[in-house]
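Per this note's numbering, the sequence shown starts with residue 3, numbered consecutively.
C-beta: ideal position from N, C-alpha, C; glycine also.
Here the structure is a predicted model, which is why all the values come from computation and not from measurement.
Below: the structure, in structure tokens.
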Amino acid sequence: MASLDFDSVSKSYGGSVWAVDDLTLKVRDGEFVVLVGPSGCGKTTALRMLAGLEPITAGEIRIDGQPVNDVQPRDRDIAMVFQNYALYPHMNVYDNIGYGLRVRRVPKAERHARIEETAGILGLTGELRRRPSQLSGGQRQRVAMGRAIVRQPRAFLMDEPLSNLDARLRVQMRTEIARLQRELEVTTVYVTHDQVEAMTMADRVAVLRGGVLQQFDTPQRVYSDPANLFVGTFIGSPAMNLVEAQLIQGDRGTDCVVGSYRVPIPDRILASEAALARAVGGRIAVGVRPEAISVADTGEGLHGTVVVSEALGAEVLSHIEVNAVPIRSEETSFRRADEGGPITSEARTTNGGKTTLVARLLGGAHPPRGAAVSVVFDATGLHFFDLEDGHTLLSAHRSAASSIAPRR
């Protein structure tokens, strides 16, 4: 087992394209960390630099406190599991699992014992004489895992290992991988674009965008206290609803005004949130999770019309069109400091000031398509963001969010 450190690590191609920019994070001994983000965010590049398969442009990577920038991949004592399994088609399962041991000249008796033990852990004992072409996708993934486990490395690196499996197998395999990691207690860094995998498997999640680390925390904290608009909408399914709002000081306290709907903000929230209090009188972005929305036939709230109802058995996702200014998180541009100044927001009003909110409702009682409804927000479940830079206005991650702009 080992700790893994990225210390201000960057990777550029041709000196102008930065795949990873000033990445700093520490993976603790025995921890399961998931790097998650959209395609092109730098997560696989970060993993390959850790493995020694990509040279580093700047910064330092350490394993157990020892710098490894100039250490060859074979000497780092880490094992990598690839997306395409990378099995030898002419070898059977036994030889595929044991290939790395044979290359390292591990004695035959010890090699046999370790292969048998690994096959038992993975449920492959009965498949040892079969070739990869005779196995299912899930079995091939287990063989790839076995080849990593049998080496008894200090760390596992996994690059989207489940992306080639169907939905049912992905659910099964992510449970097995999480179980194995906890049983073996091996430090693991896992790359995926699937935020469900990240949330269900990780001890901590590192969210990347454009090569820049956006947030690094437990799955629950990343979900409940997102550092910025991007994290808020990327993590969670369905995505967080975003609308433009104004904070107005009234006779009875402060209201968050969305369209014609005024949501009272509890005084205790403003008293403990200095950045939010300073935003009173101005416009902000408000995020609300689908489960923090309730719907009534009439009454106070944001009036709208149900346009789509997605019945999912125990729950229904109700899509409701309302009069409110939408915020598009993908339009928040995280630009480099040498390419036009600080982080900027380019939120736009579209569709005549209308937007569609998604509410997560119980499956037994929900308004039908075309129904006129009133949408009500849970004030304690609202998330507040700066319209200019997209950073949270809540203190949980305010200091960290202010430092995520790339320094280059």
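- The criterion of a C-beta distance shorter than 7 Å is satisfied by S12 and D24.
- Collapsing the DSSP output to three states places T235 in a helix.
- Bounds of any beta strand (DSSP E) do not take in D269; it lies within the alpha helix (DSSP H) bounded by 269–274.
- Out of G17, D9, V22, the CA that lies nearest to the CA of G212 is found in V22.
- DSSP, reduced to helix, strand and coil, places P266 within a strand of the structure shown.
- In terms of Cα proximity to Y192, the closest of R184, V108, V207, N98 is V207.
- Taking 7 Å as the cut-off, the Cβ atoms of F34 and T190 count as close.
- With fewer than three CB-CB distances shorter than 8 Å, the stretch 299–318 does not count as touching the stretch 380–400.
- Within the same chain, and ignoring the five residues on either side of R133 in sequence, the residues whose Cβ sits closer than 6 Å to its Cβ are N94.
- Within the same chain, and ignoring the five residues on either side of G303 in sequence, the residues whose Cβ sits closer than 7 Å to its Cβ are Y263, S376, V377, V378.
- Rounded to the nearest whole angstrom, the CA to CA distance from P370 to S311 is 7 Å.
- Excluding residues up to 5 positions away in sequence, T256, L278, A279, V282 lie with their Cβ nearer than 8 Å to the Cβ of L272 in the same chain.
- Secondary structure note for Q251: its beta strand (DSSP E) is the uninterrupted segment 243–252.
- If the five residues before and after Q85 are omitted, its C-beta is found closer than 8 Å to the C-beta atoms of D161, E162, P163, S165, N166, all from its own chain and listed in chain order.
- 7 Å or more divides the Cβ of I123 from the Cβ of Y96.
- At the C-beta level, A373 and V309 stay beyond 7 Å of one another.
- The beta carbon of D31 sits closer than 7 Å to those of M3, A4, S5, T189, all from its chain and outside the five residues before and after it, given in chain order.
- Put simply, the backbone Cα of L171 is about 6 Å away from that of G140.
- Nearest C-alpha to I267 among F386, C43, R104, P228: F386.
- Of the candidates R107, S135, A169, the residue whose Cα lies closest to the Cα of A88 is S135.
- Bridge pairing for L124: absent [DSSP].
- Per the coordinates, the alpha-carbon of L103 lies some 6 Å from the alpha-carbon of R113.
- Considering only Q248, V259, A241, T300, the residue with the shortest C-alpha distance to R291 is A241.
- Between D196 and V38, the alpha-carbon positions lie close to 7 Å from each other.
- Taken atom to atom, the span from the alpha-carbon of I237 to that of D227 is near 11 Å.
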